[in-house]
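Following: one structure in structure tokens, then a few remarks.
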Amino acid sequence: MVMDLLATLAAGAGLAGIALLLRLLSRRRLPKWIVPIAAGAGMLFFSIWNEYTWYPRVAAALPAEVVMISTPEDRVGLRPWTMLFPVTTRFMALDRTGLLRSESDPGIRRADVVVVQRWHNTQRVPMAFDCGGRRTANLETGSELRPDGTLTGTGWSPVGEEDELLKAACREG
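Reading the sequence shown from the start, the letters are residues 332 to 504 in my numbering.
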């Protein structure tokens, strides 16, 4: 967040510098107020650009094994342009790089779900998946999935046919 603030200030200072240079080149024919207006416009436009490109930049940096599950779009009243053009400031993904299969039942798997929010710490939630039974289990609260595929400390929760998280975990390859 500090880097965002510094970059925003730099964008404002850069545009203010350009406006000041244009004012000097015009032999002060341009009004004085052009400099602070340019600074404000630079900061505003950089902030908007930074908001709208955050998700594509972060998603592009992830390994190919990370599967996007959910990318909700936000509309915020304090940023009126988001009412017309919603912005993505969070997403949920399944990290298949550490996917483990049960020794006794390959349809039972364990993987981390990654929850990423702008300006917040990334959360990793360990989950168990029963591909044949269409069930999931949260392993975050001291629960574990044993090598034989049995759960301890929690129970399975059934999920629907179209559950994207289960589809991503059960996908072969």
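In this text, a Cβ means the ideal position worked out from N, Cα and C, and glycines have one as well.
Just the Cα atoms here: how many angstroms apart are residue i and residue j?
i    : j    : result
A468 : T483 : 10 angstroms
T481 : R502 : 21 angstroms
V407 : D335 : 19 angstroms
R388 : G345 : 23 angstroms
P411 : I379 : 11 angstroms
A442 : L352 : 56 angstroms
G371 : D494 : 45 angstroms
A338 : L393 : 23 angstroms
T485 : P478 : 16 angstroms
F416 : L340 : 24 angstroms
Y386 : V446 : 13 angstroms
D436 : A395 : 26 angstroms
K363 : T413 : 32 angstroms
P367 : L356 : 17 angstroms
T384 : I400 : 19 angstroms
Do residue i and residue j have their C-beta atoms within less than 7 angstroms of each other?
i    : j    : result
A347 : A369 : yes
A499 : L476 : no
W450 : R466 : no
T402 : F422 : yes
G463 : G438 : yes
Since residue i contacts residue j with CB under 8 angstroms, what's their CB separation in whole angstroms?
i    : j    : result
D405 : T420 : 5 angstroms
V444 : L497 : Contact doesn't hold; Cβ gap of about 11 angstroms is too wide.
L430 : R440 : 6 angstroms
I365 : R354 : 6 angstroms
L470 : P457 : 4 angstroms
Taking 7 angstroms as the limit between beta carbons, can you name the residues of its chain near residue i, skipping five residues before and five after?
i    : result
V398 : A424, L425, R427, A499
G491 : none
R455 : D443, V445
D461 : G438, I439, W487
Leaving out five residues on either side along the sequence, give the residues of the same chain with a beta carbon under 6 angstroms from the beta carbon of residue i.
i    : result
E382 : V418
Q448 : R421
E434 : P478
R432 : R440
If you drop the 5 nearest sequence neighbours on each side, which residues of the same chain put their C-beta closer than 8 angstroms to that of residue i?
i    : result
A342 : G373, M374, F376, F377
M332 : W450
L361 : A350, L353, R354
Of all Cβ atoms in chain C, is any one closer than 7 angstroms to the Cβ of residue i?
i    : result
L497 : No chain C appears in this structure, which consists of one protein chain only.
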